[in-house]
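Read through the structure below, which is laid out as structure tokens, and then see the notes.
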Amino acid sequence: MKKTRYIFVTGGVVSSLGKGIIAASLGKLLQARGYKVTIQKFDPYINIDPGTLNPYEHGECFVTVDGHETDLDLGHYERFLNVPTTAVNNITTGRIYQNVIDRERKGDFLGKTVQVVPHITDEIKRNIKILGASGYDFIITEIGGTVGDIESLPYIESVRQLRWELGRDCLCIHLTYVPYIAAAKEVKTKPTQHSVKTLQEYGILPNLLVLRTEKKLSEKICHKVALFCNVDQEAVIQSHDVSSIYEMPLVLAKQRMDRIVLRKMSVPVKGKLQLDSWKIFVKNMSKAKKTVRIGLVGKYVELPDAYKSINESLLQAATYHHRRLDLQLIHSERLTKENVAGYLENLHGVIVAPGFGQRGTGGKLTALNFAREHNMVTFGVCLGMQCMVIEFARNVLGLQDANSAEIDPLSKNKVIDLMEEQKHLTNLGGTMRLGEYDCKLQKGSLAQKAYNSELVRERHRHRYEFNEKYRQQFENHGMKCTGVNPQTGLVEVVEIPNLKWYLGTQYHPEYNSTVARPNPLFVSFIGAATENKN
Ligand code: GLN
């Protein structure tokens, strides 16, 4: 059997340093050397998954092909590696404890006291190694949180044990922060020294350090860090601020991070680093002069991470068309009939975001009404698509009180209704219609032409659906259901063919868009927007 090697990425000093991007970038480099790589994330919180978390807590919830609600870093892993992740790529403390407690109830530990060490740590190690059976050369494991946190201790202890068990087949990379103190005109390495010291107290000596910094660090500083932290100088890597996350693999490659990692693990450095298409993408992104201006209407626009996958899909599609993406974030709660023109009229295209609950839906409907009446290039995703349906029902079909059962359960015209299988559910966690399903596209429709295929598979995350009872009425008046699930008939795509580009999807195409393979609907949407003289 193939030998699998394990790389751990931990973080120190502060959170939000970009461990996910470092893990994804290193993964990209190893993949570019011809190795088979996957990345997983361990989150130290007690929730079973982030599905029930508000975006204010952890940003977007990413959905895997097999229908698991996961951390947004998995989106980065997929966008960089172009390989789908599954439920095993994201584990939380909640899941670890749930598994151990379930086994305790079954009697698996009969007679024994169940403890953090060894039972929780054994379960963590088992989960770290699960992907090892899938034939990967490298498994990169990102440990969420910051070293020193109480909640990440069992993970750090598991990493320590695995390093001891696996020897050279295991490597630890620690990401820290080197702040610049403007008043002193100096960068400070002390926080890094402390953080590495903490890691050493737990029995882990990192093999590589990645220093996140706003300013490029001098050789002297890197030497100092190497000396005080017991790390080879060449293994002190800088991650300075870059204008796009997609530049990071190139930044790390320049510092030979892939070679250093491989050498430290006694793995042959194979051939040439195959990064040509990645470099072309980054070059096209930075060289693009003409702009495509897209408005994103949503209620979480003030949170940079809430619509991560949509932002990245738009950027990938814009780059594909050699355009610079100018993304205007429009708070749906601020939109009114009076001000909507001011927000939308200068855009090349508008996208209405997914979401849950009533807040901000009024603004989404106002935006869609303006966009439809002004024949704007318009894309609705999930709740965005549902709002397209509601707006059309109210203003074209004349059903004044048309609504979604989620927004107004008392409406007489629930053009969007709760799915049958959802009606008897009591638990909220993991019970939506989740993951990949087939969608059959009508020949000649905008969607079918965009995909150049009549059958596609996309990912879902919803409880409500287009109400089939109204379908004929919509179609008679010009809104067509051009994509349906072939097994259940559930409406997946609506379009207004008489307009330039007006399309909504019940599914989330943004979960399925990578640098190597931008999602066709986003490519088509941006293509139409770039043709739009406005
Ligand atoms: N709230 C809607 C539903 O559950 C839409 C969900 C979404 O936008 N992801 O059907």
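Numbering (our numbering), first residue to last: 284 to 817.
Ideal placement from N, C-alpha and C gives every residue a C-beta, glycine not left out.
Among 689, 346, 376, 566, which one has its Cα closest to the Cα of residue 698? The shortest CA-to-CA distance from residue 698 to any of 689, 346, 376, 566 is the one to 689.
Near residue 420, which residues of its chain fall below 6 Å by C-beta distance, leaving aside the five closest residues on each side in sequence? 318, 319
Residue 869 - DSSP class collapsed to helix/strand/coil: A question about residue 869 goes unanswered here, because the residues of the chain that appear run from 284 up to 817.
Using the three-state DSSP reduction, which class does residue 331 fall into: helix, strand or coil? coil
Measure the Cβ-Cβ separation of residue 324 and residue 427 and say whether it is below 8 Å. yes
Residue 355 beta carbon near ligand 1 (any heavy atom closer than 7 Å): no
Using a 10 Å radius around the Cβ and a threshold of 16 neighbouring Cβ atoms, would you call residue 425 buried or exposed? buried
Is it a yes or a no for the segment 466-481 touching the segment 287-297, going by three-plus beta-carbon pairs under 8 Å? Yes, they touch.
Between the segment 751-766 and the segment 635-645, do at least 3 Cβ pairs fall closer than 8 Å? no
Nearest residue (CA-CA) to residue 435, options 386, 714, 377, 804: 377
Please determine whether the Cβ atom of residue 665 lies at a distance below 7 Å from any heavy atom of ligand 1. Yes, Cβ of residue 665 sits closer than 7 Å to a heavy atom of ligand 1.
Between residue 311 and residue 364, what straight-line distance do the alpha-carbon atoms span, to the nearest angstrom? 6 Å
Using the C-alpha atoms, what's the distance from residue 511 back to residue 484? 15 Å
Use the C-beta contact count for residue 792: other C-beta atoms within 10 angstroms, 16 or more gives buried, fewer gives exposed. Residue 792 counts as buried, since at least 16 other C-beta atoms from the protein chains shown sit within 10 angstroms of its C-beta.
Grab the span of the beta strand (DSSP E) containing residue 495 for me, first residue to last. 491-496
Count Cβ pairs between the segment 711-727 and the segment 328-347 that sit closer than 8 Å; are there 3 or more? yes
Looking at ligand 3, does it come within less than 7 Å of residue 637, judged from the CB to the closest heavy atom? Here the bound small molecules are ligand 1; ligand 3 is not part of this structure.
Assuming residue 809 is part of the alpha helix (DSSP H), what are its boundary residues? 803-814
State yes or no: is the beta carbon of residue 322 nearer than 8 Å to at least one beta carbon in chain E? The chain labelled as chain E is not found in the depicted structure, where only one protein chain is given.
Note down the Cα distance separating residue 370 from residue 681, rounded to an integer number of angstroms. Their Cα atoms are separated by approximately 44 Å.
Check whether the segment 514-521 and the segment 487-506 are in contact - that is, three or more C-beta pairs closer than 8 Å. yes
As a quick exercise: from 790, 804, 789, 760, pick the residue whose alpha carbon is nearest that of residue 601. 804
CB-CB length for residue 617 against residue 573, believed under 8 Å: Not confirmed; about 29 Å, so no contact.
Contacts around residue 338, its chain only, beta-carbon distance under 7 Å, and the 5 residues preceding and following it disregarded: 583, 586, 589
Is the CB-CB distance between residue 612 and residue 653 below 8 Å? no
If you follow the alpha helix (DSSP H) that residue 310 is part of, which residue opens it and which one closes it? 302-315
Give a single yes or no on whether residue 746 has its beta carbon closer than 7 Å to a heavy atom of ligand 1. yes
Give the list of continuous beta strand (DSSP E) stretches no shorter than 3 residues that lie fully inside the segment 578-654. 607-614, 632-635
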